[in-house]
Every structure is written in structure tokens, then in C-alpha cells.
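Everything below concerns the one structure shown next.
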Amino acid sequence: MLQKNIVKQPKAQVEVQISLPWADLEPRKGVYNFTVIQSLLDLVASYDKYLTIEFRDRCMGCGTPYIFPSYLINEGLIAPTTSGYIAKVWDGRIIDYELALFSAFSIQFDAHPYLAGIVTPESATGVATRPFSFQQLTDQYKRLITGMHKALPTTLFLHGFNWLGGPNDRIYLDQLVASADINASGIRWPDTIPPRCVSVDWAAPAIEQEIGNKLPKQAHIATVNLQKCSPPTTVEELYNYAVKTLNAHYLIWVSWAVSPAPYDFYRDVVPFVTAHPTTNIQCPENIRCQ
């Protein structure tokens, strides 16, 4: 399926984002398996595309914690959420394990010519009962951002950026932006959706718009969120919001199995992206572009 999708994508689309579960990369504690990543990089390179990897340390809509290595479950480091499971990212041991994985990953793949970057899913945890303070969670995310820059000095890292700190959300999200800024990293909004489609005042999109070209930004558009739009949104509206309003450097289109789907990737997205191939092409101020 991946090969078919790459073949059908137009030249305007130069990046493919793949979500990989933690267990696929670390089947046993401290034992890493990156063969799937090598295969993916070889595949995208054969079509002159680039690969972004979403590292899954949480899952939505999963009935079991199958995406995690068993040792995390045995060590009590997986928590249920309202819709699935999450690694306890507020616990420093999880961040240690993630950084150990990417330190091993770096030996083989940092500076790979067809690796566009690494992203994390989001900043929200989805836990029903919060066993941590928002500052504790923020501090661990900042550790991850700093550690990823050290582990992968030439590979772009984009941290998930949506909800974090309840009614004082901005206090904590601003800290993530500051950490990404000084660590040559960026942010990605996994819930990119026009403001008219939501009934709450999110801090994340306002911050993303305000920081302009200060650091790299990815807009991630998922069909599952777009059912909230009434009247229905269009591909053109989504593109204009992500590129012209949020000034995103990367624009990822994701098709989830929802019905009715607000758009069809091949019928609606591909022709539009072919005609409008440009996102924000300015070099972000906090990184050195080639």
C-alpha cells in the first residue's frame, strides 16, 4: 500500500510520513530493530521522496497496548487513556528509554539524505485522572526536545503541540516553544483545523501563528477532526489556513477511516496540491538550512 501511495503522489508531494509503533523499533528492552526504517528509506529514495517518522508512544482507539514493548508494561509505565493507552511520558524513565532508542537510531540514520525528520504525536495525554502536574509533564517534554537535539544533531525533530496545561495551557506550551527554539527543533499541530470548526479557544494555533518563521512548523490535517466543521470545510480552506495563516513549513494530509469522509485524498487533495505545491519555504530562524 505504501508503494502504491508513493507512486500515485505528484511531484509536488516530496514527503511521506509514516507512524511507527514503539514495539516495532524496540521488540525487547535495549534491543533495537530498524530494518523497517531502512526499507522505508530505500523505498522513498527510489521515488525521490523524503520520509518523516512519527514515533508512536501513545495510541487512540486501541483496545490493547499492543504498540508498546512488553517491558514497559511490566515496569508499570503504560497508562490507560480515555480512548487508548499512553506511555507515561511524565515519568522520566520513559524519556530515558525514548532517548536511548534514538541514540541508537542516530548511529545509522542521522543525516540520512532521505530522512526529513522525526515527530511525536501530540502534547495532550488523554488520561482521565491526571497523576502528574502540568509542569512535571512540560519538564519531561523539554527533556525530550533537548535530548533529541543532542542525539540527532542533523535530523529535524518536531514535537507534538496541541493541549498541555488545562486552563493555563499557554504557560506550558510557551515553554515547549522556547525549548524547541534553543534546540534547533520545531512543533507540529496534529489537530490542524480552522477556528470556525471548534467551540473552544485553543492556545496552540494562536501561538503557532504568532511565532511566524521563528522555528519549523508542521500542520497535520486528519479527516477525523474535520467532521466538526459546519458547513463542511474544503481542501482549499485547509490549505490556506495551514500555509497562509499558520505559515507552516510542512503540510501533512492524513486520511482516517471516517464516514462520511470530508475529502478524498486522490480525488480532492492530489489535484489541489499539484496546483499549489508551495508551503512556507523560508528557512526557520533557529536552524541552519543547506
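Numbering (the numbering used here), first residue to last: 64 to 353. Even for Gly, the Cβ is constructed at its ideal location relative to N, Cα and C. It should be emphasised that the depicted structure is a prediction, and the values quoted were computed from it without experimental measurement.
Own chain, CB closer than 6 Å to residue i, minus 5 neighbours either side, in chain order
{"i": "Ala167", "result": "Tyr95"}
{"i": "Trp226", "result": "Ala187"}
Pair within 9 Å by beta-carbon distance, residue i and residue j
{"i": "Leu114", "j": "Leu178", "result": "yes"}
{"i": "Phe165", "j": "Leu215", "result": "yes"}
{"i": "Pro257", "j": "Tyr304", "result": "yes"}
{"i": "Trp252", "j": "Leu309", "result": "yes"}
{"i": "Thr217", "j": "Asp173", "result": "yes"}
{"i": "Pro176", "j": "Arg119", "result": "no"}
{"i": "Thr337", "j": "Val306", "result": "no"}
{"i": "Leu162", "j": "Leu207", "result": "yes"}
Beta-carbon separation (whole angstroms), residue i vs residue j, contact threshold 8 Å
{"i": "Asp237", "j": "Ile270", "result": "7 Å"}
{"i": "Trp153", "j": "Gln101", "result": "About 32 Å; that fails the 8 Å criterion."}
{"i": "Asn349", "j": "Leu278", "result": "5 Å"}
{"i": "Pro184", "j": "Gly126", "result": "Pro184 to Gly126, Cβ: 18 Å. No contact."}
{"i": "Val79", "j": "Val107", "result": "6 Å"}
{"i": "Gly180", "j": "Leu221", "result": "6 Å"}
Residue i in three-state terms, based on DSSP
{"i": "Pro143", "result": "strand"}
{"i": "Ile344", "result": "coil"}
{"i": "Tyr313", "result": "strand"}
{"i": "Ala179", "result": "strand"}
{"i": "Ile284", "result": "strand"}
{"i": "Trp252", "result": "strand"}
{"i": "Glu117", "result": "strand"}
{"i": "Phe220", "result": "strand"}
{"i": "Val94", "result": "strand"}
{"i": "Leu239", "result": "helix"}
{"i": "Ala187", "result": "coil"}
{"i": "Ser78", "result": "The sequence shown places Glu at residue 78, not Ser. If DSSP states are grouped into helix, strand and coil, Glu78 belongs with the strands."}
{"i": "Ile245", "result": "helix"}
Nearest-angstrom Cα separation, counted from residue j out to residue i
{"i": "Pro230", "j": "Pro90", "result": "38 Å"}
{"i": "Gly189", "j": "Thr145", "result": "6 Å"}
{"i": "Lys205", "j": "Ser196", "result": "14 Å"}
{"i": "Thr255", "j": "Asn343", "result": "16 Å"}
{"i": "Ala267", "j": "Lys280", "result": "12 Å"}
{"i": "Val298", "j": "Phe335", "result": "7 Å"}
{"i": "Leu140", "j": "Pro294", "result": "42 Å"}
{"i": "Val240", "j": "Ile250", "result": "7 Å"}
{"i": "Val287", "j": "Val317", "result": "9 Å"}
{"i": "Asp52", "j": "Asp159", "result": "The first residue shown for the chain is 64 and the last is 353, placing residue 52 beyond what the model contains."}
{"i": "Arg121", "j": "Tyr134", "result": "15 Å"}
{"i": "Ile136", "j": "Pro128", "result": "8 Å"}
{"i": "Ala150", "j": "Ala142", "result": "6 Å"}
{"i": "Ala311", "j": "Ala187", "result": "21 Å"}
{"i": "Arg193", "j": "His212", "result": "28 Å"}
{"i": "Trp265", "j": "Ser248", "result": "22 Å"}
{"i": "Cys292", "j": "Cys352", "result": "37 Å"}
Residues near residue i in its chain [Cβ-Cβ closer than 7 Å; skip 5 each side]
{"i": "Ile234", "result": "Gly228"}
{"i": "Gly124", "result": "Ser146, Gly147"}
{"i": "His339", "result": "Tyr302"}
{"i": "Ile274", "result": "Val240"}
{"i": "Gln171", "result": "Phe97"}
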